[in-house]
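In our numbering, the protein residues as written are 121 to 266.
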């Protein structure tokens, strides 16, 4: 009986700690500066084509990092927790919106994540885009560096 109580208490403490951590995930421990304002566009030199995305990782339930060939690493902020159950090996699905294939604004990136290797894809609403400096990209933990 005592063991069961201790185990239940330990589980409750762990669950409480997980629920009270507002920045869940490894991305919360890296100082990337302030999040870009919602809807902010990239500098024209930082715009990229979705075909140039080489790899991605999930930082937390609202943050994805992508590596873009010839450009570097970008932080993509989502307006909701669409990445909550996602892992970095889940494939991302991009669709070219009408108009240009060039991504300069959050609305230019139509992004979904296919959980469990494919099948059901969860759409994400991209809220912010930011290109990381080489120093910020190097400071990302290996687990979330694309």
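Glycine residues also receive a C-beta, built at the ideal position from the N, C-alpha and C atoms. No experiment lies behind these values; they were computed from the predicted model shown.
Taking a cut-off of 8 angstroms on C-beta distances, the region 171-181 does not touch the region 237-257, as fewer than three cross pairs fall below it. Pairing residue 221 with residue 233 gives a Cβ-Cβ distance that is not under 9 angstroms.
Exposure of residue 200 is indicated by the presence of fewer than 16 other C-beta atoms within 10 angstroms of its C-beta.
Annotation: the continuous beta strand (DSSP E) that includes residue 215 extends over 212-215.
When C-alpha distances from residue 213 are compared across 198, 229, 223 and 205, the shortest belongs to 229. Taking C-beta separations shorter than 6 angstroms and ignoring five residues to either side along the sequence, the partners of residue 225 in its chain run 161, following chain order. Distance check between residue 215 and each of 203, 231, 236 and 209 places 231 closest, using alpha-carbon atoms only. DSSP lists 175 and 193 as the bridge partner or partners of residue 187.
Taking C-beta separations shorter than 6 angstroms and ignoring five residues to either side along the sequence, the partners of residue 177 in its chain run 185, 208, 264 and 266, following chain order.
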